[in-house]
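Asks: Residue numbers (our numbering): 3 to 275.
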Ligand SMILES: Cc1cc2nc3c(=O)[nH]c(=O)nc-3n(C[C@H](O)[C@H](O)[C@H](O)COP(=O)(O)O)c2cc1C
């Protein structure tokens, strides 16, 4: 089977997933020859998730999502169910914030397989944590980029071979473990789903937060209002040019601190071909 098109498809509120999957797709196109085109489908914003997407057997799709609570972000499940693979090959890629990717990679691979893709490889890479400016700071970095290139090499070699495709031994548990939950000091799980960002007096009302919110939840007239769901993705906090967006919820801040302290040691990407 020849590949005429590489498609890169991703959800990436703070850009680390985009960085890795676009780097991987470009490196793959390079290795697979001059006539390979790269198409981009960014489904981070709500408007992009209104479009129906389908592929065909000539496509190789590099598909990326961040890891949320050890899993594929559950707010995406309905949308992912609308995508049609129609025999395309896929490389699922998950980005995690230096804690762990748990079962997100196998879950993403299973979703894609159920939608008609065949899985040729999969990878878990590290990105700066959405909650933090210190956990996974600056990731993906040069060393990660080298591993992306190495991953592309191995995929290209596999695809140029004549051996029949064998199942890819991705790491993760089936059935998937429950969503990872923050806990209070007594070890009891706490629910931070209703927590929303605050807006400080430094806000200049530039509306950038409105345009980057992947849930379309920030009120255009009054940017301090959150009208819909907040997934704590960090898009508004990290994009704000004057650092006016912040969280002050006690449980959120404790969880963030525990992650920063408990998972400070550098984790490395893992990939499977
Ligand atoms: C709600 C939420 C849950 C997260 N859960 C995890 C997790 O379980 N493990 C982990 O290592 N990182 C976790 N992260 C961090 C993101 O996976 C990581 O920062 C990723 O690089 C963000 O991708 P993006 O830059 O494309 O938005 C979580 C982030 C959010 C917003």
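No residue lacks a Cβ here, since even glycine has one placed at the ideal position from N, Cα and C. Computed from a predicted model, the values in this text were never measured in an experiment.
1) Excluding the five sequence neighbours on either side, which residues of its own chain have a C-beta within less than 6 Å of the C-beta of residue 3, listed in chain order?
2) Given the structure, does residue 101 come close to ligand 3, in the sense that its CB is under 7 Å from one of the ligand's heavy atoms?
3) Could you name the residues of the same chain whose beta carbon sits closer than 6 Å to that of residue 29, not counting the 5 residues immediately before and after it, in chain order?
4) Alpha carbon to alpha carbon, how far is residue 91 from residue 13? Give it in angstroms, no decimals.
5) Taking three-plus beta-carbon pairs below 8 Å as touching, is the stretch 213-227 in contact with the stretch 136-151?
6) Looking at residue 249 and ligand 1, is the gap between the Cβ and the nearest heavy atom below 7 Å?
7) Below 8 Å between beta carbons: does that hold for residue 102 and residue 261?
8) Give me, in chain order, the residues of the same chain whose beta-carbon lies closer than 8 Å to that of residue 176; leave out the 5 immediate sequence neighbours on both sides.
9) Using CA atoms only, rank isn't needed, just tell me which of 123, 200, 236 is closest to residue 46.
10) Out of 33, 88, 24, which has the shortest C-alpha to C-alpha gap to residue 43?
11) Take residue 253 as the anchor and find which of 206, 189, 221 has the nearest alpha-carbon.
12) Can the beta-carbon of residue 65 be found closer than 8 Å to that of residue 11?
13) May I ask whether a heavy atom of ligand 1 can be found less than 7 Å away from the beta carbon of residue 16?
14) Between residue 270 and the rest of its own chain, which residues show a CB-CB distance below 6 Å, the 5 nearest in sequence each way excluded?
15) Going straight from the alpha carbon of residue 21 to that of residue 203, what length do you get?
16) How big is the Cα-Cα spacing for residue 38 and residue 162?
17) For residue 172, is the classification buried or exposed, using 16 other Cβ atoms within 10 angstroms of its Cβ as the cut-off for buried?
Replies: Judging by the given coordinates:
1) Note that residue 3 has pLDDT 48, beneath the 50 cutoff, so the model's placement of it is unreliable and the number below is only indicative. Closer than 6 Å at Cβ, skipping near neighbours: no residue.
2) Only ligand 1 can be found as ligands here, which leaves ligand 3 out of the picture.
3) 151, 154
4) 19 Å
5) no
6) no
7) no
8) 105, 108, 112
9) 236
10) 24
11) 189
12) yes
13) yes
14) none
15) 32 Å
16) 14 Å
17) buried
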